[in-house]
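Here UniProt numbering is used: the first residue of the sequence shown is 1, the next is one more, and so on.
Ideal placement from N, C-alpha and C gives every residue a C-beta, glycine not left out.
Here the structure comes first, spelled out in structure tokens, and everything after it is commentary.
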Amino acid sequence: MTNGDIGAGKKRLAMEKPALWRPDSHLSTTVRDMPPSGIRKFFDIVVGMEDVISLGVGEPDFPTPWHIREACIYSLEGGHTSYTSNKGLIELREILAESAKEDLGLDYDPEEEVLITTGVSEAVDLAFRATLNPGDEVIVPQPCYVAYVPDVLLAGGVPRPVATRLSEEFKLRPEDFRDEINDRTKALVLSYPNNPTGAVMTREDLEEIADLVAEKDLLVISDEVYDKLTYDGKHTSFAQLEGMQERTVLLNGLSKSCAMTGWRVGYALGDPAIVGAMTKVHQYTMLCAPTMAQVAAIEALRRGEAEVMAMKREYDRRRRLFISELERLGLPCFEPKGAFYAFPSIVGTGLSSEEFAEQLLKEQKVAAVPGNAFGESGEGFIRCSYATSREEILEAVDRIERFLADLAA
1 MTNGDIGAGK
11 KRLAMEKPAL
21 WRPDSHLSTT
31 VRDMPPSGIR
41 KFFDIVVGME
51 DVISLGVGEP
61 DFPTPWHIRE
71 ACIYSLEGGH
81 TSYTSNKGLI
91 ELREILAESA
101 KEDLGLDYDP
111 EEEVLITTGV
121 SEAVDLAFRA
131 TLNPGDEVIV
141 PQPCYVAYVP
151 DVLLAGGVPR
161 PVATRLSEEF
171 KLRPEDFRDE
181 INDRTKALVL
191 SYPNNPTGAV
201 MTREDLEEIA
211 DLVAEKDLLV
221 ISDEVYDKLT
231 YDGKHTSFAQ
241 LEGMQERTVL
251 LNGLSKSCAM
261 TGWRVGYALG
271 DPAIVGAMTK
281 VHQYTMLCAP
291 TMAQVAAIEA
301 LRRGEAEVMA
311 MKREYDRRRR
321 LFISELERLG
331 LPCFEPKGAF
341 YAFPSIVGTG
351 LSSEEFAEQL
361 LKEQKVAAVP
371 GNAFGESGEG
381 FIRCSYATSR
391 EEILEAVDRI
401 ERFLADLAA
């Protein structure tokens with residue numbers, strides 16, 4: 001073999017060698033460009049730290065009531081570990097339909113208009129994926145739950161963020177989004193009581209929105225997972241308004257009210273065509289919510305009202321304590337009317353939301369979520385969950401006070 005043959009062989013091998021594998025080149029551009037959850041970023045940092053008081057994650061500090069856990073245990077002991085119907089246990093769907101009738105005066109067919117989902121987060125995702133075509137636009141009032149915008153994008157839609165303001169108690173007004181509606185606008189997201197602000201909408205507030213929804217022929221995705229945690233007056237569902245039930249996909253669950261975040265039980269109520277479309281996606285991706293969790297949900301709905309009310313009373317006490325302490329520290333805060341969050345302004349400190357949250361965590365070991373994690377209009381605020389003991393709230397306040405004193409020094 002000549003040197004020329006050897007050289008040609010090496011050249012041929014080099015040409016045949018596969019290119020260096022680059023996994024990132026095979027990613028969806030939508031997912032690749034999507035930022036991680038601003039809430040989880042801080043939660044992950046807290047996990048590795050000691051002596052941290054977390055006001056960050058929106059989760060009840062109460063354990064799931066024992067009789068609910070016991071129902072799950074009995075279910076497991078009885079061997080009830082197989083799939084349920086894609087739509088969920090019929091008994092659970094019937095109870096939810098009964099509750100909607102009793103609490104809201106709304107009629108839903110448990111066979112065709114109720115879907116059990118793996119948490120409300122899945123219900124939100126399903127609602128967008130079942131209704132949006134590529135390029136459809138969705139009005140998303142902000143500050144809001146961190147999943148709405150990404151879920152719209154993942155469904156091929158185009159989110160149109162609309163700012164709500166402290167001066168309006170973070171309520172959505174028709175004038176806030178009327179000019180954002182165009183021929184491509186398909187839906188409006190509502191989330192009241194609101195995460196992260198704690199704002200609520202009265203019936204009168206919602207009726208103003210309903211007039212514009214009807215005029216512009218919009219679908220409404222209404223996330224009402226904090227409905228039981230309304231402190232002043234009674235919660236009004238958007239679906240209760242005249243002519244709005246058929247236009248509304250009502251989403252809810254047991255995570256917040258029944259302290260069942262890890263059980264992952266949510267549900268959707270709505271028109272059979274939309275719920276049927278959501279079920280199609282659900283059956284190909286999730287199949288069904290966990291069987292034993294659905295059994296626990298039946299127990300919670302049948303016999304859990306006393307515990308729900310007891311937890312709500314305690315959240316209310318913490319709410320009033322925390323807001324008064326924030327005001328004492330000179331951090332202006334809208335009084336939340338629902339959920340279990342305070343959303344104080346930190347503009348006076350001269351720090352951005354990210355800077356404030358990061359420095360507070362580093363220097364005083366108090367975890368809060370920067371307001372811009374919930375949209376651009378959240379800049380200048382931090383979200384603090386008061387779903388923690390009064391003792392920890394007071395200790396957190398002391399640490400925040402020291403932090404503010406150091407900033408002013």
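Cβ-Cβ distance between His282 and Leu126 below 9 Å: Residue mapping note: residue 282 aligns to position 282 of the sequence shown, counting from 1. Residue mapping note: residue 126 aligns to position 126 of the sequence shown, counting from 1. Taking a C-beta distance under 9 Å as the contact criterion, His282 and Leu126 qualify as a contact pair.
May I ask which residues mark the beginning and end of the beta strand (DSSP E) holding Arg160? Here residue 160 refers to the residue found at position 160 of the sequence shown. Segment 158-163, the beta strand (DSSP E) holding Arg160.
Three-state secondary structure (DSSP) at Asn252? Looking up residue 252 in the sequence shown gives position 252. Strand, per DSSP.
Three-state class that DSSP yields for Phe374 in the structure shown: For the purposes of this step, residue 374 is taken as residue 374 along the sequence shown, with counting starting at 1. Helix.
Nearest by alpha-carbon distance to Asp398: which of Gly375, Glu363, Glu379 is it? The residue you call residue 398 lines up with position 398 of the sequence shown. Asp398 has its Cα closest to that of Glu363, out of Gly375, Glu363, Glu379.
Reference Asn182; option with closest CA among Leu212, Arg165, Leu166, Ser167: Numbered from 1 along the sequence shown, position 182 holds the residue referred to as residue 182. Per the C-alpha coordinates, the member of Leu212, Arg165, Leu166, Ser167 positioned closest to Asn182 is Leu212.
Between the beta-carbon of Asp223 and the beta-carbon of Val200, is there less than 9 Å? Looking up residue 223 in the sequence shown gives position 223. Looking up residue 200 in the sequence shown gives position 200. Not a contact, by the Cβ cut-off of 9 Å.
On a CA-only basis, which of Ile382, Ala163, Asn86, Glu122 is nearest Glu112? Give me that one, please. Position 112 of the sequence shown holds residue 112. Out of Ile382, Ala163, Asn86, Glu122, Asn86 has the C-alpha closest to the C-alpha of Glu112.
Report the CB separation of Leu360 from Ile393 in whole angstroms; it is logged as a contact under 8 Å. Along the sequence shown, one-based indexing puts residue 360 at 360. Along the sequence shown, one-based indexing puts residue 393 at 393. In fact, because the Cβ distance is near 15 Å, the residues do not count as touching under 8 Å.
Rounded C-alpha distance that separates Glu122 from Val57: The residue labelled residue 122 in the question sits at position 122 within the sequence shown. The residue labelled residue 57 in the question sits at position 57 within the sequence shown. Looking at the two C-alpha atoms, the distance is approximately 18 Å.
For Lys171, is the classification buried or exposed, using 16 other Cβ atoms within 10 angstroms of its Cβ as the cut-off for buried? As a first step, residue 171 must be located in the sequence shown, where it is residue number 171. With 16 or more other Cβ atoms within 10 Å, it is buried.
Touch check for the segment 43-55 and the segment 237-256: three-plus C-beta pairs under 8 Å? Short answer: they don't touch.
Could you give the distance in angstroms between the alpha-carbon of Ala210 and the alpha-carbon of Pro143? Position 210 of the sequence shown, counted from the start, is the residue given in the question as residue 210. Position 143 of the sequence shown, counted from the start, is the residue given in the question as residue 143. CA-CA distance, Ala210 to Pro143, rounds to 21 Å.
Classify Gly79: buried if its beta carbon has 16 or more other beta carbons within 10 angstroms, exposed otherwise. The residue given as residue 79 occupies position 79 in the sequence shown. Exposed is the call here.
Can you tell me whether DSSP reads Phe381 as helix, strand or coil? As a working note, residue 381 is residue 381 in the sequence shown. Reduced to three states, the DSSP call for Phe381 is strand.
Closest Cα partner of Leu104 within the set Arg328, Glu180, Phe238: The residue given as residue 104 occupies position 104 in the sequence shown. Minimum Cα-Cα distance from Leu104 among the listed residues Arg328, Glu180, Phe238 corresponds to Phe238.
Does the count of Cβ pairs from the segment 132-141 and the segment 152-160 closer than 8 Å reach three? The segment 132-141 is in contact with the segment 152-160.
With a CB to CB cut of under 6 Å and the five nearest residues on each side skipped, what residues in its chain are close to Ala235? On the sequence shown, residue 235 is found 235 positions in, with the first residue counted as 1. A small fix is needed here, since residue 235 is His in this sequence, not Ala. Closer than 6 Å at the Cβ level, and outside the excluded window around His235, lie Asp227.
Own chain residues within Cβ distance below 7 Å of Ala396, not counting five before or after: Numbered from its first residue, the sequence shown carries residue 396 at position 396. Contacts found: Ile53, Leu55, Val366.
Are at least three pairs of beta-carbons, each pair with one atom in the segment 255-272 and one in the segment 296-313, less than 8 Å apart? Two segments are said to touch when three or more pairs of C-beta atoms, one from each, lie closer than 8 Å; by this definition the segment 255-272 touches the segment 296-313.
Per DSSP, Ile139 is paired with what? Within the sequence shown, numbered from 1, the residue matching residue 139 stands at position 139. Arg160, Leu188, per the DSSP bridge assignment.
If we ignore side chains and look at the alpha-carbon of each, how far apart do Phe343 and Leu106 end up? To locate residue 343, count along the sequence shown from 1; it is residue 343. To locate residue 106, count along the sequence shown from 1; it is residue 106. Taking the straight line joining both Cα atoms gives about 33 Å.
In whole angstroms, give me the CA-to-CA distance for His67 and Gly156. Residue 67 sits at position 67 when you count from the first residue of the sequence shown. Residue 156 sits at position 156 when you count from the first residue of the sequence shown. Separation of His67 and Gly156 (C-alpha to C-alpha, rounded to the nearest whole angstrom) is 42 Å.
Can you give me the start and stop residues for the alpha helix (DSSP H) that Asp223 sits inside? Locating residue 223 in the sequence shown gives position 223, counting from the first residue. Per DSSP, Asp223 belongs to no alpha helix (DSSP H); it is in the beta strand (DSSP E), 219-223.
Taking only three categories from DSSP, how would you classify Leu55? On the sequence shown, position 55 is the one that residue 55 refers to. Leu55 falls in the coil class under three-state DSSP.
Using a Cβ-Cβ cut-off of 6 Å (strictly less than) and excluding sequence neighbours within five positions of Gly339, which residues of its own chain qualify? The count along the sequence shown starts at 1 and reaches residue 339 at position 339. The question names Gly, yet the displayed sequence has Ala at residue 339. Taking C-beta separations shorter than 6 Å and ignoring five residues to either side along the sequence, the partners of Ala339 in its chain run Pro193, Asn195, Gly198, Tyr226, Leu229, following chain order.
For Glu358 and Ser385, I'd like the C-alpha separation in whole angstroms. Here residue 358 refers to the residue found at position 358 when the sequence shown is read from its first residue. Here residue 385 refers to the residue found at position 385 when the sequence shown is read from its first residue. Across the structure, Glu358 and Ser385 are spaced so that their CA atoms are roughly 16 Å apart.
Pull up the CB-CB distance for Arg264 and Ala293, whole angstroms please, since I reckon it's below 8 Å. Within the sequence shown, numbered from 1, the residue matching residue 264 stands at position 264. Within the sequence shown, numbered from 1, the residue matching residue 293 stands at position 293. At roughly 6 Å, the Cβ-Cβ gap stays under 8 Å, so Arg264 and Ala293 are in contact.
Please check if any C-beta of chain B sits within less than 9 Å of the C-beta of Ile73. You won't find chain B in this structure, because it holds only one protein chain.
Outcome for Gly375 when other beta-carbon atoms lying within 10 angstroms are tallied against a minimum of 16: The count along the sequence shown starts at 1 and reaches residue 375 at position 375. The residue is buried, with at least 16 neighbouring Cβ atoms inside 10 Å.
What is the DSSP secondary structure of Ala342, counted as helix, strand or coil? Residue mapping note: residue 342 aligns to position 342 of the sequence shown, counting from 1. DSSP places Ala342 in strand when its eight states are reduced to three.
Flag this pair as yes or no: are the beta carbons of Leu269 and Leu96 separated by less than 9 Å? Counting from one through the sequence shown, the residue named residue 269 turns up at place 269. Counting from one through the sequence shown, the residue named residue 96 turns up at place 96. Yes; because the gap between Cβ atoms is below 9 Å, this pair is in contact.
Secondary structure of Tyr267, DSSP reduced to three states: As a working mapping, residue 267 is identified with position 267 in the sequence shown. Secondary structure of Tyr267 (DSSP, three-state): strand.
For Ser345 versus Pro332, is the C-beta spacing smaller than 9 Å? For this step, residue 345 is matched to residue 345 along the sequence shown. For this step, residue 332 is matched to residue 332 along the sequence shown. Between Ser345 and Pro332, the C-beta spacing is below 9 Å.
So Ile116 is in the beta strand (DSSP E); what residue range does that whole segment cover? Here residue 116 refers to the residue found at position 116 of the sequence shown. For Ile116, the uninterrupted beta strand (DSSP E) segment begins and ends at 114-117.
When the distance is taken between beta carbons, is Ala373 closer than 9 Å to Ile39? As a first step, residue 39 is located in the sequence shown; it is residue number 39 there, counting from the start. As a first step, residue 373 is located in the sequence shown; it is residue number 373 there, counting from the start. Going by C-beta atoms, Ile39 is nearer than 9 Å to Ala373.
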